[in-house]
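A.B. asks: Following this message is one structure expressed as structure tokens.
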Amino acid sequence: MSGGIIARPTTAIPEDEVQRYTFAERAYHWINAIAYTYLMLTGLAIFTPLAYWLAYVLGGPATIRYWHPWIGLIYLATIFWMHRMWKRDMQKIPEDERWSKNIRAYAENRDELMPPQGRFNAGQKQFWWVMLYCTFILLITGIIMWIPEKMPRELHWVLPITVFIHSATALITIAAFIIHVYMSVWVTPGSVKAMVEGHVSTNWARTHHRLWYEKITGRRN
Ligand code: HEM
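Mapping of the sequence shown onto my numbering: position 85 corresponds to residue 106, and the numbering continues sequentially without gaps.
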């Protein structure tokens, strides 16, 4: 083994860094992110004439109508895997409430004002639960819209309501998604490296997720 590199089962971690995401976590996350981006763009194309041009960019209206629900199943499978991997880290801890009250300081990058956080901070947890619950609603409404011809005639009144709930829920996830990408790509330098390479500097871990850092390293500073 060459200088400073510690071999771990899934990722080689340079010295003075800690593993944040395993290969499986990163793989599921990025497959999910690609699937979600496709769903968002094709969904918007179907939803509003303003975005209909996207349908032609992505292969044509009939093509996106065919693939949207199938890619939805890939998104669904990966989000459930992510949930299996992260559900314990997404549980509320007492510090979360204080974190949420100080959210302004977080947005302004004044980390010294924030209470110590576990593997995920309270905002990341909120994002996760919004995405997960919305996914359930999108699944149920999406299946009804996928095969409307299978629905008994006397239940056809449900369809416009279903379309409304599906679209409104999708818009909520789009807002959450934009915040997630903005926070992780622009506001917290080092996060993209974490999700691409799997490891972060000990300094990053200590600054952003102190309780998690103390737990995985056993250190207090
Ligand atoms: C192009 C789209 C996306 C980008 C660029 C992106 C980027 C990232 C990055 C950089 C991280 C690491 C954050 C950290 O550890 O501090 C992360 C974590 C995470 N991502 Fe994404 N992501 C995307 C899409 C998604 C989608 C669609 C979901 C869920 C449906 C998702 C769920 C998560 C979760 C739960 C985490 C861990 C906690 C958190 O940071 O919020 N991501 N993402």
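Using N, Cα and C, we set each Cβ at its ideal position, and we do this for glycine too.
What you are looking at is a predicted structure, and each value in this text was computed from that prediction instead of being measured.
1. Going by C-alpha to C-alpha distance, which of Thr69, Arg231 and Leu97 sits closest to Gly163?
2. Report the option in His220, Lys236, Arg241 and Asn242 whose CA atom is closest to the CA atom of Glu36.
3. Does the region 81-88 come close enough to the region 130-139 that 3 or more CB-CB pairs lie under 8 Å?
4. Leaving out the 5 sequence neighbours to the left and right, which residues in its chain are closer than 6 Å to Ile114 when beta-carbon positions are compared?
5. Is any heavy atom in the ligand HEM found nearer than 6 Å to the beta carbon of Gln246?
6. Do Glu38 and Pro222 come within 7 Å of each other at the CB atom, strictly closer than that value?
7. Pull up the CB-CB distance for Ile168 and Thr190, whole angstroms please, since I reckon it's below 8 Å.
8. Excluding the five sequence neighbours on either side, which residues of its own chain have a C-beta within less than 7 Å of the C-beta of His50, listed in chain order?
9. How many angstroms separate the CA atom of Pro90 from the CA atom of Leu134?
C.D. replies: This is what the structure holds:
1. Cα-wise, what sits closest to Gly163 is Leu97.
2. His220
3. no
4. Gly139
5. This structure cannot speak to residue 246, because the chain is shown only from 22 to 242.
6. Per the sequence shown, the amino acid found at residue 222 is Ser instead of Pro. For Ser222 and Glu38, yes; Cβs fall inside 7 Å.
7. No, Ile168 and Thr190 are not in contact; Cβ-Cβ is about 19 Å, not under 8 Å.
8. Met103 and Met216
9. Rounded to the nearest angstrom, the two C-alpha atoms are 44 Å apart.
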